[in-house]
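**Q** Residue 366 in my numbering is what sits at position 360 of the sequence shown, and the numbering runs on without skipping anything.
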Amino acid sequence: MDPVPFKDRTWAWYDVGGFWISEGFQIPILQMAGSLIANGLSPGMAMGAVVVGNVLVMVPCALNGYAGAATGVNFPVISRASWGLHGAKLAVAIRAIVAVFWYGIQISTGGSCVYRMLAAIWPSLPRRIPNHLPASSNTTSADLLCFFIFWLLTLPFLAIPVSRLRWLFRAKLLLMPITGLVLFIWALVRAHGFGPIFNQPSTPKQGYSTAFLFFSAITSTLGPQATFALNMGDFCRYSKNPRYTLYAQALMMPLCLTLTAFLGVVLASSSTTIFALQEPEWDPLSLLGHFSSRAAQFFVALLFAFATLCTNIAGNSVAFGNDLASLFPRHINIRRGQFLCAILGVAVTPWNILNSATNLLNFLNGYAVFLGPLCGILFADYWILRRRRIRLGQLYQPRGVYWYTRGWNLRAVGSFFLALVPNLPGLAKSVTPGITGVPRGFEDVYTMSWVVGLVIAGALYLGSSYLFPGPENASAGEEETDLAREWLYSSGDGVEEERIQAKSEGVEYI
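1. Rounded to whole angstroms, what is the Cα-Cα separation between R405 and R397?
2. Just the C-alpha distance for L350 and T364, rounded to the nearest angstrom, thanks.
3. Determine the closest residue to A331 out of N80, I340, A97, with distance taken between C-alpha atoms.
4. Give me the Cα-Cα distance between V188 and G469, rounded to the nearest whole angstrom.
5. Going by C-alpha to C-alpha distance, which of W389, A302, L426, L309 sits closest to S177?
6. Looking only at C-alpha atoms, which of T216, L164, G295 sits nearest to G343?
7. In the DSSP assignment, find the unbroken alpha helix (DSSP H) run with D329 in it and report its ends.
8. Do P66 and A235 have their CB atoms nearer than 7 angstroms?
9. Using C-beta distances below 7 angstroms, list every residue in its chain close to M454, excluding the 5 sequence neighbours before and after it, in chain order.
10. Whose CA, out of W128, A148, L159, lies closest to the CA of P136?
11. If I measure Cβ to Cβ from G74 and keep anything under 6 angstroms in the same chain, skipping five residues before and after, which residues do I get?
12. From the DSSP output, which residues share a beta bridge with W414?
13. Could you have a look at T115 and say whether DSSP puts it in helix, strand or coil?
14. Decide if the segment 48 to 55 is in contact with the segment 115 to 132; the criterion is three or more beta carbon pairs, one per stretch, under 8 angstroms apart.
15. With a threshold of 16 other CB atoms inside 10 Å of the CB of Y373, please say whether the residue is buried or exposed.
16. Under 8 angstroms by Cβ, that's how I've got A68 and T251 pegged, so tell me the actual separation to the nearest angstrom.
17. Could you check the C-alpha separation between W26 and F175 for me, to the nearest Å?
18. Please classify S88: is it buried, with 16 or more other beta-carbons within 10 angstroms of its beta-carbon, or exposed?
19. Note down, one range per segment and in chain order, each alpha helix (DSSP H) of at least 4 residues found wholly within the segment 75 to 129.
20. Measuring CB atoms only, is the segment 273 to 281 touching the segment 34 to 42, in the sense that at least three cross pairs come out at less than 8 angstroms?
21. According to DSSP, simplified to helix, strand and coil, what is S298?
22. Would you say I33 lies against chain D (beta-carbon separation less than 7 angstroms)?
23. Between Y467 and S421, which are expected to be in contact by the criterion C-beta below 8 angstroms, what is the C-beta distance as a whole number of angstroms?
24. Which of the three DSSP states is assigned to W2 in this structure?
25. How many angstroms separate the CA atom of A463 from the CA atom of L473?
26. With a 10 Å radius around its C-beta and 16 neighbouring C-beta atoms as the bar for buried, classify G447 as buried or exposed.
Shown next as structure tokens:
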């Protein structure tokens, strides 16, 4: 929880860029891109939405990552500046819930990889494992078995610190771009070039317009990275220089994510031409089932499973462990939090989310409603209200500068909940399609839920902070909040100085 000392800040610009090369290749991104095609967007429109969405989410990722690199603290700590020492727990809890859902989704994806590997070895697998589950369960006995196989295989890796798994992520950095390139060339050759792929028109479904699907696709695109827009500082705080996070992420994040989504669009679009399907196959794992080569099915599924394992550890289980350790520091450490995340990941029944392209997009758009306002408040507080000046030692001290009202900054709390209001009717319509009485205007607003929530929450937070300034705002002018002092505190010395002083005064640090 303390700031990372300078001696432990070893990430250079290429390490930050390499993070996105490794993290960018995710099966859910391929599925998301394919689902845009399955829901009726043309490949060109889908890629346009992907580019816009990735550029939009890159901005807060880079800027909030800079905050983590400059201060050396993670998301649970830096959010105390805007939310208060107790209010930050609400923001952390929301992100932790999203991490649990994503952990379950990645395990379900890994289970599908296991199924494809076993089916490649034993083509009679579906017949040998009869299904005893009802259709309403949205899964089968074989799928559930493979889900728990991958779940069990993942558990030993949770007991190993991420720093000791560096070789795992380096292997992914090498293998997955090669895998993506091979699949891309295969699709172009089998579909006879880009022509048959990108000549497909938009065919909106469910009575929605192309414009509605396009803006909804933007939110779906940034959805998988919306958590990184909040907690990128958890990784960037190990950077040697905060500017590395800006330059590297501004280039590599949208580039890597767009290339992965482009592969998903190409695979989904080419599936109708290559395999003469009536509907595009939006899930690349289901697409593997159409391969004539069993060896290709096995090895591609194996590489997909490997990529899913790496992503789930770094992006979900560790994030949840950090969050829970900050919420319950006396009872839960990061490792215990990771194992609890694994248990809760089963409880959310992720196979229901991955049951269809529509369900996946609804999930991506749904949690963006809550993450957008969190991101807007964090950005507005650090970059505009405080102008990058934070007293790091006070982030740990009850009844200090960031104590606000009994540990809660009511400006942040009020701004967050008010920013949810415009998106709630659209969210209700998305979750319950049969509901009536929701004006179409609210549905249109919901298509850009993340952006709408970010802008409204940030504006309300700034407005309320300027209209009703508290004593904590006045601290921004003190000499010890100068930007140069920010780096002194980041070494850990500033925090330790205030910790010693507080201990002599009988004040407990948290």
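From the three backbone atoms N, C-alpha and C, an ideal C-beta is built for every residue, glycine too.
**A** On the basis of the coordinates in this document:
1. 14 angstroms
2. 24 angstroms
3. I340
4. It is roughly 52 angstroms from the alpha-carbon of V188 to the alpha-carbon of G469.
5. Note that residue 177 corresponds to Ala in the displayed sequence, not to Ser. For the residues W389, A302, L426, L309, the minimum Cα distance to A177 belongs to L309.
6. L164
7. 324 to 333
8. yes
9. F221, I224, T225
10. A148
11. G239, C242, R243
12. T411
13. Reduced to three states, the DSSP call for T115 is helix.
14. Flag = no, the segment 48 to 55 and the segment 115 to 132 do not touch.
15. buried
16. Taking C-beta atoms under 8 angstroms as the contact rule, A68 and T251 qualify, at a distance of about 6 angstroms.
17. 11 angstroms
18. buried
19. 81 to 84, 86 to 89, 94 to 127
20. yes
21. coil
22. This model lacks chain D altogether; it includes just one protein chain.
23. Contact holds; Cβ gap of about 4 angstroms.
24. In the structure as shown, the chain begins at 7 and stops at 516. Residue 2 is therefore absent and cannot be evaluated.
25. The alpha-carbon separation between A463 and L473 amounts to approximately 15 angstroms.
26. exposed
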